[in-house]
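To keep things clear, I will list the structure first and then write my remarks on it.
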């Protein structure tokens with residue numbers, strides 16, 4: 026009985042550690058070259074605990090951001106099949122399915138011609154959209170400037186807050202400039218992200234947008250900003 030209860034936390038702890046390591050661009054090549062990390066992440070894709078699967082996908086998404094990793098990741102035994110299985114499984118949550126589909130697209134396009142790449146990605150997107158339903162037809166990217174995002178403990182707090190939001194697909198931190206690039210479902214508003222980050226009581230977030238002149242600016246304080254003040 027006790028042994029069974031200990032399996033889930035152990036798996037989640039391990040995959041979260043791999044995810045945190047993969048979040049650092051300096052670690053990504055080494056993780057893929059390691060003989061155990063990549064096969065381990067593939068095994069986690071078949072785990073019965075949905076948070077374990079989602080965390081493993083986040084780690085793989087980080088690793089796939091490094092172009093030199095993509096061919097090895099694609100050729101790793103079980104990688105593409107496991108991603109397909111996650112996408113096709115009817116019990117997979119929508120945001121997890123879309124994340125798996127996105128990783129599959131990236132790896133599949135690593136050695137395809139431009140035209141084949143476009144056709145394949147369009148096909149994959151249509152399948153993902155079908156599974157997600159009519160209210161989640163497309164993902165969008167939101168860039169947040171996070172005041173207070175200045176060390177790994179704050180980053181972990183931010184990760185925990187974002188992972189609680191239904192509709193967050195993936196996110197990448199840019200610690201040097203206190204930013205987080207978040208992929209979310211089209212029906213999720215950026216304000217929900219800022220509210221979640223404000224709930225940490227030590228950080229606040231503003232969306233980065235482009236002005237008419239093409240310059241990056243942060244949007245004026247919103248209800249989320251005032252909420253962060255109240256929570257402090």
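Numbering (this note's numbering), first residue to last: 26 to 257.
Note that beta-carbon positions come from the ideal geometry of N, C-alpha and C, so glycine has one too.
Inter-residue Cα distance where the pair is residue i and residue j
i           : j           : result
residue 67  : residue 110 : 11 angstroms
residue 133 : residue 94  : 13 angstroms
residue 61  : residue 240 : 44 angstroms
residue 216 : residue 210 : 13 angstroms
residue 229 : residue 183 : 10 angstroms
residue 104 : residue 65  : 11 angstroms
residue 75  : residue 238 : 43 angstroms
residue 227 : residue 102 : 43 angstroms
residue 51  : residue 191 : 29 angstroms
residue 36  : residue 77  : 7 angstroms
residue 219 : residue 114 : 32 angstroms
residue 116 : residue 85  : 21 angstroms
residue 45  : residue 188 : 13 angstroms
residue 98  : residue 42  : 19 angstroms
residue 201 : residue 181 : 16 angstroms
residue 235 : residue 242 : 6 angstroms
residue 57  : residue 72  : 20 angstroms
residue 205 : residue 179 : 12 angstroms
residue 27  : residue 118 : Here the model assigns residue 27 a pLDDT of 45, short of 50, so the residue's position is not dependable, and the following value carries that caveat. So the two alpha carbons sit approximately 28 angstroms from each other.
residue 124 : residue 195 : 7 angstroms
residue 88  : residue 53  : 5 angstroms
residue 245 : residue 223 : In this prediction, residue 245 has a pLDDT of 47, which is less than 50 and means its spatial position is unreliable; what the coordinates show is noted afterwards. Their backbone Cα atoms lie some 15 angstroms apart in a straight line.
Residue i in three-state terms, based on DSSP
i           : result
residue 38  : helix
residue 110 : helix
residue 45  : helix
residue 94  : helix
residue 79  : helix
residue 115 : coil
residue 74  : coil
residue 120 : helix
residue 155 : Because residue 155 sits at a pLDDT of 42, beneath the cut-off of 50, its placement in the model cannot be relied upon, and the point is left open.
residue 130 : helix
residue 58  : helix
residue 85  : helix
residue 102 : coil
Nearest-angstrom Cβ-Cβ length linking residue i and residue j, presumed shorter than 8 angstroms
i           : j           : result
residue 82  : residue 131 : Incorrect: roughly 12 angstroms between the Cβ atoms, too far for contact.
residue 198 : residue 47  : That belief does not hold up - the Cβ atoms of residue 198 and residue 47 are roughly 11 angstroms apart, past 8 angstroms.
residue 166 : residue 208 : 6 angstroms
residue 225 : residue 186 : 6 angstroms
residue 193 : residue 120 : 6 angstroms
residue 169 : residue 231 : 7 angstroms
residue 96  : residue 135 : 5 angstroms
Identity of the residues DSSP links to residue i by a beta bridge
i           : result
residue 166 : 208
heavy atom of the ligand ADP below 6 angstroms from residue i C-beta
i           : result
residue 128 : In terms of ligand content, the structure shown is empty, and the ligand ADP therefore cannot be addressed.
Original post:
Along the chain, which unbroken stretches of the alpha helix (DSSP H) at least 4 residues long are found entirely within the region 169-242?
Top reply: Counting only runs of 4 or more, we get 177-188 and 215-223.
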